Every structure is written in structure tokens, then in C-alpha cells.
Amino acid sequence: MNLDNIRIVLVNTSHPGNIGGVARAMKNMGLSRLYLVEPRQYPDEQATWRAATAADVLDGAVVTRTLDEAIADCQFVVGTSARSRNIPWPLQDPRACAGRMAEASVHEQVAVLFGREDRGLTNEELRRCNLHLNIPTSEDYSSLNLAMAVQVVCYELRMLLDAGRLPASEDAEWDTPFATRENMERFYVHLEETLVQLGFLDPAAPRQLMTRLRRLYSRVRLDEMELNILRGILTETQKFLPRDSATVSSPGGSE
1 MNLDNIRIVL VNTSHPGNIG GVARAMKNMG LSRLYLVEPR QYPDEQATWR AATAADVLDG
61 AVVTRTLDEA IADCQFVVGT SARSRNIPWP LQDPRACAGR MAEASVHEQV AVLFGREDRG
121 LTNEELRRCN LHLNIPTSED YSSLNLAMAV QVVCYELRML LDAGRLPASE DAEWDTPFAT
181 RENMERFYVH LEETLVQLGF LDPAAPRQLM TRLRRLYSRV RLDEMELNIL RGILTETQKF
241 LPRDSATVSS PGGSE
């Protein structure tokens, strides 16, 4: 994929703040080529304010009078559409469409068109596209802010670009080894002793308390540092408890 070959094209945007929001969404995901087709109010301080630190994307924006000017050198054009049309057209969701755009962007110029805030792209504008893109939404509320829609599409492109660098599993970047079974058993003994001393656990009627606590900590998976922290809390707690309280002699002895 070559993000430099992918441009975001906004057609006849009515609110300058939305242009700034789009610039920010693009920069978040690493895209920089913004085309503005006859914006109603631009440049404008509201666009600059909404762009935050993405002013460079705004500064590099290309303003054109017509859509044809904005996509004249493009080989693959995608148009976002919020509703079905009378004549069926190839249609994909953002994830599937991102794959098509990524493939084309290696050697071709790609444009993604976003229409007016109130009514999107016209049928004539959509007929200029090779593919239509629809973002699935709840039937109860299908309206998407322009910057939000651009963010969704740019995010899917970013995920494809970073696919090889994303962690393969939830533990890939963990900074401390997970606790060994031996150390976990020592923790359970320590925990049970402390609960008995506190009077929270009655050895005569344990009611599966330790079993449930074992299940809890097993589900969380403690690392060695977290385990040491918990053991330290238990040790400090015991300093304030009477020394003649009953203690357990083996792991899970009250189960």
C-alpha cells in the first residue's frame, strides 16, 4: 500500500469545521492528501481550529472548482454512499473496500469521495466511481458526521498498513513475566491466612470463598510484579492484626 497515492476528496462541504475535523482524522491515520471540491466556506479559522495540529494537511489541501478536476489523474475512484440507488452498483463495506484501495494504491492514484453533509454525493457523482462504499450503522440512527466517516475509512487503511507490526497476541508486549504456579500457590496461602486473621473467612464454614478467589485471580493472570504488590499489601495488613489469630497450614486447606 502507498498512502501517498490515496486522496480524500470532499465535495461541496458546507461547514469549514468539518474540513478541519477531516484533516485531523486523516493525519491520525497517516494520510495527507486532501482535495476540496468547491467548499462553501474555505479557508476559514474554524477549519484551522478543528484541525488542531493537522494544519499541514490543510495547508497542502488542493481546492478545485469541479469534481472532475479533483479526480482527473485517478485510476480508481471510490464514492461513499449512505443509501441504495435505483441502478445497482458494486458496493462494499470499509474493511473490504480498504483492501481494494490498498492494492490499487501500489501503482495507481486512488480517490475516496465524500459528499455534502446533508445529502451526500449525487447520482451523477457516484456514476464517476468504480466502487461504492457504505459504512454500516444502526438502523435507529444512521447519520455520521463527515469527519467520523472519513476516520472510519482511514482507520481501515491504517490497520492494513500496520497489520504486520501489530501484536500477535495479548501478551506480546508484556513487560514482566507472568507469575509461576508455585508463586501463585504461596500467594493463596498468604491470602487465606490474612482473611482468616481479619475474620472475613471462617475456616469452619469457608463457603467456597477461596475457590472463587482462585478463579478470579486465574482469570486475571497476575504477573510477578503484580503478585509482589499484593503480597506486600497482605504483609502490611497482617501487621495490624492480632498474632494469635488462626492460620491455615496448606494451600486451599479450608475448601
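Under UniProt numbering, residues 1 to 255 are what the sequence shown spells out, in order.
C-beta: ideal position from N, C-alpha, C; glycine also.
Please read all numbers here as calculations on a predicted model, not as lab measurements.
Minimum C-alpha distance to Glu108 - residue among Thr48, Cys74 and Asp59: Cys74
Return the first residue and the last residue of the alpha helix (DSSP H) that Ile229 is part of. Glu224 to Gln238
Which first and last residues belong to the beta strand (DSSP E) in which Val37 is found? For Val37, the uninterrupted beta strand (DSSP E) run begins and ends at Arg33 to Val37, by DSSP.
In chain order, what residues of the same chain lie with their CB nearer than 8 Å to the CB of Pro177, ignoring the 5 residues before and after it? Asp223 and Glu224
Within 9 Å (strictly less), CB to CB, does Val9 reach chain B? The structure shown contains no chain B, having only a single protein chain.
Proximity below 9 Å, CB of Leu67 to CB of Glu139: no
Grab me the residues of Thr194's own chain with a C-beta within less than 8 Å of its C-beta, minus the 5 sequence neighbours each way, in chain order. Leu234, Thr237, Gln238 and Leu241
Judging by CA-CA distance, which residue of Gln208, Leu166 and Phe114 is the nearest neighbour of residue 257? For residue 257 there is no data in the structure shown, the boundaries of the chain being 1 and 255.
Taking the straight line between their C-alpha atoms, what separation do you get for Val77 and Glu45? Roughly 30 Å between the two C-alpha positions.
If contacts are defined as beta-carbon pairs under 8 Å, then Val11 and Arg128 qualify, I think. What distance do you get, rounded to the angstrom? Between Val11 and Arg128 the beta-carbon gap is near 11 Å, outside 8 Å, which marks them as no contact.
Under the rule that 16 or more other beta-carbon atoms within 10 Å means buried, what is Ala246, buried or exposed? Any reading at Ala246 needs caution, since the residue's pLDDT is 47, under 50, leaving its predicted position unreliable; the model's value is listed next. So Ala246 counts as exposed.
Does the Cβ of Ser218 have 16 or more other Cβ atoms within 10 Å, making it buried, or fewer, making it exposed? exposed
For the alpha helix (DSSP H) that Ala111 lies in, which residues bound it at each end? Looking at the DSSP string, Ala111 is not in any alpha helix (DSSP H); the run it does join, the beta strand (DSSP E), is Val110 to Phe114.
State the start and end residues of the unbroken alpha helix (DSSP H) segment that holds Arg181. Arg181 to Leu198
Pull up the distance between the alpha-carbon of Met101 and that of Val110, whole angstroms please. C-alpha of Met101 to C-alpha of Val110: approximately 7 Å in a straight line.
Look up Ile6 in the DSSP assignment and give the residues it is bridged to. Val110
Identify which residue in Asn228, Pro43 and Asn2 has its Cα closest to the Cα of Ile19. Pro43
Please determine, among Val22, Ala25, Leu146 and His132, the residue with the shortest C-alpha to C-alpha distance to Asp93. Nearest to Asp93 by C-alpha distance, out of Val22, Ala25, Leu146 and His132, is His132.
Can you tell me where the beta strand (DSSP E) with Gly79 in it begins and where it stops? Phe76 to Thr80
Put Gln46 into one of helix, strand or coil per three-state DSSP. Helix at Gln46.
Straight-line gap, Ala204 to Ile229 (C-alpha atoms, nearest Å): 29 Å
For Leu91, the residue or residues it bridges with in DSSP: Within the DSSP bridge table, the entry for Leu91 names His132 as partners.
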